[in-house]
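K.L.:
Chains as they are written, first to last, in my numbering: chain C, 798 to 1145; chain Y, 798 to 1145. By construction, the Cβ of each residue, glycine as well, lies at the ideal position given by its N, Cα and C atoms. Computed from a prediction, not measured in an experiment: that's the story for all the values here. Mind having a look at this structure? Questions to follow.
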DNA sequence: TTGTAAGCGTTATCAG
DNA sequence: CTGATAACGCTTACAA
């Protein structure tokens, strides 16, 4: 047992000197020499199996194995122009929605032996643009998860490499969008059934395309059922934003409220509960995304869930397909949103 | 408004054909030509400013800008052997602990103009090893966040490139470890003060080094205060694991329980509450990590918090420092754990 | 300070 | 099927 009792040092050089990294990696030249063939033959044997004599291929494989050979991705990228890497930019790593998005993209990439490069824009369009440009030269394609960029900026990026935007439509740029109306329809129906006639919407960032779509869908669905909807002042898409909007919400005189996302919903729920408004008795709340934690608030949150992992996976797939020269985006399954009814909604 | 009503397609080729990506990127040769200098001069001007005539530097900058030049990272990596990339492998992207870890690493990397490559091992040592080997050639260093690998496997990785393991000690390999005892000491003290004499520990994966350390720390601290501690059968480090252990926990006859992590704690809490055991009256629960959500369970979770973001940032810093040729790891601040008292602990 | 030239590890083209 | 050989875009002694 290496336990050192209390008072560990934060950074441990560890027992025994930290190792050096001298032994430079084997190259196809080393293999060629060992196998008695030309380096170019090694290259072929390794990258396009089948197009080579079985027996020499064998020898090469063995040599490679014995030398513990690994291709040098940078070297491969130079002549091919392909890095076997795709980039993903999210606005806030700390937001649980991105679990599923990151996982979906990472899995799909890993499946096809691609590697996922992740960056965070921290809800700022400036850093998003910077980051995108920093990433672009080193990836084969880029996924923009919740872009706050202008359409033109995105189009420019898309001019350089395959770009897919998630849950946003940008002219001329491919996108994967889950159908909001399905879930919102169910939600409004649900509220109507509970007798609500005045509902509100707490929007997220102005630059958020989804926030707009969600607002529209709500307005549309409510209009169809003759329900009055009032739009509140925008709030930051975090728990804090929800908390801070509690006053606005109460002042709005609605009996049910949609928030832009679950984070806001949870923040609001907490604030309301803390200040004596009961949910759902005093106010019904519906969030969006069904994030981690939405099921264990008190009461648990009713929310419009979206297939985030599948959305991201689909985006990754689409990029990889395009890299493989396919024209038509591999139009994936229908991505639908869906209401998850829990405890935060009740009779008006 | 582009809204299409309901029935959106999942993958939209988008209005107007998806763009092509022909225009090949400008190189230093293009700049050289435009600026009337040699490419090598351009290279210097761009990579080591100062070592060049101010006026030619100026010309080169302008040419670069006008051509919208971006360095080709692969091309740069080839002669230098440096990719300006660091890898991070986590066991489960979906576990909120990793928010902070990912963010800490990503921010520190981005600060120094490095890029973070992320991969998930899904709690499997096989895929972890595979992933590590897949990543290694394309990164300058690797951070293993919660490795399930054997020490020897990690040491082999560390022989090739700078590797830092988080919250684990491996001989000869650098690591960043938060001091568990501090927080556990506070926690046991807290329980003792509440009159608990029999506490339990629900461990995580067998291969998890932290799980072992946490168990030891608990045992040690309890021994000092003459508190009896019983070790339960291990459970998976997820909410599900906590849920499934509810029976074991109740059977153990303890009045307070530490779980390996907050995920388990939350799962257990939910299960217990659902089946009629009240927390903390029937059982006090303490988790580890203070993840997202720990503050809004009912009751909110008492937990031992660790500075995850700082831990990861420190790891990244250490790798970057080593890449810059510094010998001594930049021994960061003391990383201490700390008890956060909330509602899941009460009198015995 | 700047130019020359070699080299980084692969792939790709072209003969043989 | 395999071997030369020229890229790929950038860095880096070494010279000038």
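Since residue 934 of chain Y meets chain C, which of its residues come closer than 8 Å, beta carbon to beta carbon?
P.N.:
In the second chain, counting from the first residue as 1, residue 934 of chain Y sits at position 137. Result: 822, 867, 868, 869 and 870.
K.L.:
Decide if the segment 966-973 of chain C is in contact with the segment 927-935 of chain C; the criterion is three or more beta carbon pairs, one per stretch, under 8 Å apart.
P.N.:
As far as the Cβ criterion goes, the segment 966-973 of chain C does not touch the segment 927-935 of chain C, which means the pair count is below three.
K.L.:
For the segment 1082-1094 of chain Y, which residues have a CB atom closer than 8 Å to at least one CB atom of chain C, in sequence order?
P.N.:
So the list reads 1089, 1090, 1093 and 1094, given in the order they occur along the chain.
K.L.:
Of all the CB atoms in chain Y, is at least one closer than 8 Å to the CB of residue 917 of chain C?
P.N.:
Numbered from its first residue, the first chain carries residue 917 of chain C at position 120. Output row for residue 917 of chain C: interface = yes.
K.L.:
Give every residue of the same chain whose Cβ lies closer than 6 Å to the Cβ of residue 998 of chain Y, excluding the five residues on either side of it in the sequence, and list them in chain order.
P.N.:
What you label residue 998 of chain Y is simply residue 201 of the second chain in a count that begins at 1. Excluding residues within five positions, the ones whose Cβ falls inside 6 Å are 1012, 1015, 1028 and 1055.
K.L.:
Of the choices Y:895, Y:1086 and Y:870, whose alpha-carbon is the least far from that of residue 1134 of chain Y?
P.N.:
Translated into positions along the second chain, residue 1134 of chain Y becomes position 337. Among Y:895, Y:1086 and Y:870, the Cα nearest to that of residue 1134 of chain Y belongs to Y:1086.
K.L.:
I'd like to know whether the C-beta atoms of residue 882 of chain Y and residue 937 of chain Y end up nearer to each other than 8 Å.
P.N.:
Locating residue 882 of chain Y in the second chain gives position 85, where the first residue counts as 1. Locating residue 937 of chain Y in the second chain gives position 140, where the first residue counts as 1. Against a cut-off of 8 Å, the Cβ pair of residue 937 of chain Y and residue 882 of chain Y comes out as a contact.
K.L.:
What are the boundary residues of the beta strand (DSSP E) that includes residue 963 of chain C?
P.N.:
Translated into positions along the first chain, residue 963 of chain C becomes position 166. Here the beta strand (DSSP E) through residue 963 of chain C covers 960-963.
K.L.:
Measuring straight from C-alpha to C-alpha, what distance separates residue 1050 of chain C and residue 992 of chain C?
P.N.:
What you label residue 1050 of chain C is simply residue 253 of the first chain in a count that begins at 1. What you label residue 992 of chain C is simply residue 195 of the first chain in a count that begins at 1. One C-alpha to the other measures close to 15 Å.
K.L.:
So that I know if they touch, is there some Cβ in chain Y lying closer than 8 Å to that of residue 828 of chain C?
P.N.:
Within the first chain, residue 828 of chain C is the residue found at index 31, counting from 1. No, because no Cβ of chain Y sits closer than 8 Å to the Cβ of residue 828 of chain C.
K.L.:
When the Cα atoms are used, what is the spatial distance from residue 1139 of chain C to residue 1100 of chain C?
P.N.:
On the first chain, position 342 is the one that residue 1139 of chain C refers to. On the first chain, position 303 is the one that residue 1100 of chain C refers to. Their Cα atoms are separated by approximately 8 Å.
K.L.:
Could you tell me whether any Cβ in chain Y is nearer than 8 Å to the Cβ of residue 893 of chain C?
P.N.:
Translated into positions along the first chain, residue 893 of chain C becomes position 96. It does; some Cβ of chain Y falls within 8 Å.
K.L.:
Determine which residues share a DSSP beta bridge with residue 1081 of chain C and list them.
P.N.:
Here residue 1081 of chain C corresponds to residue number 284 of the first chain, with the count starting at 1. Note: residue 1081 of chain C sits in a beta bridge opposite C:1053.
K.L.:
So what does DSSP say about residue 1199 of chain C, is it helix, strand or coil?
P.N.:
As shown, chain C starts at 798 and ends at 1145. That puts residue 1199 of chain C outside it, with no answer to give.
K.L.:
Quick check on DSSP: helix, strand or coil for residue 751 of chain Y?
P.N.:
Only positions 798 to 1145 of chain Y appear in this structure, which leaves residue 751 of chain Y out of reach.
K.L.:
Counting contacts by CB-CB distance shorter than 8 Å, is residue 1157 of chain Y in contact with chain C?
P.N.:
For chain Y, the structure presents residues 798 to 1145; residue 1157 of chain Y sits outside this window and is missing.
K.L.:
Taking the alpha-carbon of residue 955 of chain Y as reference, which of Y:939, Y:943, Y:827 and Y:965 has the nearest alpha-carbon?
P.N.:
One-based indexing of the second chain puts residue 955 of chain Y at position 158. Here the closest residue by C-alpha is Y:939.
K.L.:
What residues in the segment 881-907 of chain Y have a beta carbon less than 8 Å from any beta carbon of chain C?
P.N.:
Taking 8 Å as the Cβ-Cβ cut-off against chain C, the residues of the segment 881-907 of chain Y that qualify are 882, 890, 891, 893, 896, 897, 899, 900, 903, 904 and 907.
K.L.:
Bridge partners for residue 997 of chain Y per DSSP, in chain order?
P.N.:
For the purposes of this step, residue 997 of chain Y is taken as the residue at position 200 of the second chain. According to DSSP, which records beta bridges pairwise, residue 997 of chain Y is partnered with Y:1027 and Y:1054.
K.L.:
Just mark residue 826 of chain C as buried or exposed, buried being the case when its beta carbon has 16 or more other beta carbons within 10 Å.
P.N.:
Numbered from 1 along the first chain, position 29 holds the residue referred to as residue 826 of chain C. With fewer than 16 other Cβ atoms within 10 Å, it is exposed.
K.L.:
Please list, in chain order, the residues of the segment 1049-1075 of chain C that have any C-beta partner in chain Y closer than 9 Å.
P.N.:
Residues passing the 9 Å Cβ filter: 1063, 1066 and 1067.
K.L.:
What distance in whole Å lies between the Cβ atoms of residue 836 of chain Y and residue 1089 of chain Y, which are believed to be in contact at a cut-off of 8 Å?
P.N.:
By 1-based counting over the second chain, the position of residue 1089 of chain Y is 292. By 1-based counting over the second chain, the position of residue 836 of chain Y is 39. Contact doesn't hold; Cβ gap of about 50 Å is too wide.
K.L.:
Between the segment 910-919 of chain C and the segment 868-883 of chain C, are three or more C-beta pairs nearer than 8 Å?
P.N.:
Flag = yes, the segment 910-919 of chain C and the segment 868-883 of chain C touch.
K.L.:
Is it buried or exposed for residue 845 of chain Y, if we count other Cβ within 10 angstroms and need 16 for buried?
P.N.:
The residue labelled residue 845 of chain Y in the question sits at position 48 within the second chain. It is exposed - the Cβ of residue 845 of chain Y has fewer than 16 other Cβ atoms within 10 Å.
K.L.:
Could you compute how far the alpha carbon of residue 1113 of chain Y sits from the alpha carbon of residue 1132 of chain Y?
P.N.:
For the purposes of this step, residue 1113 of chain Y is taken as residue 316 along the second chain, with counting starting at 1. For the purposes of this step, residue 1132 of chain Y is taken as residue 335 along the second chain, with counting starting at 1. So the alpha carbons of these two residues sit roughly 15 Å apart.
K.L.:
Tell me, please, which residues DSSP counts as bridged to residue 976 of chain C.
P.N.:
Mapped onto the first chain, residue 976 of chain C falls at position 179. Answer is C:1133.
K.L.:
Looking at chain C, is there any beta carbon in it that lies within less than 8 Å of the beta carbon of residue 1047 of chain Y?
P.N.:
For the purposes of this step, residue 1047 of chain Y is taken as residue 250 along the second chain, with counting starting at 1. By this cut-off, residue 1047 of chain Y is not an interface position.
K.L.:
Classify residue 1021 of chain Y: buried if its beta carbon has 16 or more other beta carbons within 10 angstroms, exposed otherwise.
P.N.:
The residue given as residue 1021 of chain Y occupies position 224 in the second chain. It counts as exposed.
K.L.:
Going by CA-CA distance only, name the one from Y:1110, Y:1123, Y:1058 and Y:1071 that's closest to residue 907 of chain Y.
P.N.:
Position 110 of the second chain, counting from 1, holds the residue named residue 907 of chain Y. For the residues Y:1110, Y:1123, Y:1058 and Y:1071, the minimum Cα distance to residue 907 of chain Y belongs to Y:1110.
K.L.:
So which residues of chain C does residue 914 of chain Y contact, with C-beta pairs closer than 9 Å?
P.N.:
As a first step, residue 914 of chain Y is located in the second chain; it is residue number 117 there, counting from the start. Under the 9 Å cutoff, chain C gives 882, 912, 913, 914 and 915.
K.L.:
Quick check on this structure: which residue in C:946, C:851 and C:860 has the alpha carbon closest to the alpha carbon of residue 832 of chain C?
P.N.:
Counting from one through the first chain, the residue named residue 832 of chain C turns up at place 35. Selected option, being the one with the closest Cα: C:860.
K.L.:
Just checking: is the beta-carbon of residue 1146 of chain Y within a distance shorter than 8 Å of some beta-carbon in chain C?
P.N.:
There is no way to answer for residue 1146 of chain Y, as the model of chain Y reaches only from 798 to 1145.
K.L.:
Evaluate residue 1146 of chain C with the Cβ neighbour count: other Cβ atoms within 10 Å of its Cβ, from every protein chain shown; 16 or more gives buried, anything less gives exposed.
P.N.:
Residue 1146 of chain C lies beyond the stretch modelled for chain C, which goes from 798 to 1145, so this question has no answer here.
K.L.:
Counting only beta-carbon separations shorter than 8 Å, does residue 812 of chain Y have a partner in chain C?
P.N.:
The residue you call residue 812 of chain Y lines up with position 15 of the second chain. Because residue 812 of chain Y sits at a pLDDT of 46, beneath the cut-off of 50, its placement in the model cannot be relied upon, and the point is left open.
K.L.:
What do you get for residue 1001 of chain C, buried or exposed, if any count of 16 or more other CB atoms within 10 angstroms of its CB means buried?
P.N.:
Here the question's residue 1001 of chain C lines up with position 204 in the first chain. Looking at its Cβ environment, which holds 16 or more other Cβ atoms inside 10 Å, residue 1001 of chain C is buried.
K.L.:
CB-CB under 6 Å to residue 1036 of chain Y, same chain, minus the five flanking residues each way: which ones, in chain order?
P.N.:
For the purposes of this step, residue 1036 of chain Y is identified with residue 239 of the second chain, where counting begins at 1. Closer than 6 Å at Cβ, skipping near neighbours: 1060, 1063 and 1064.
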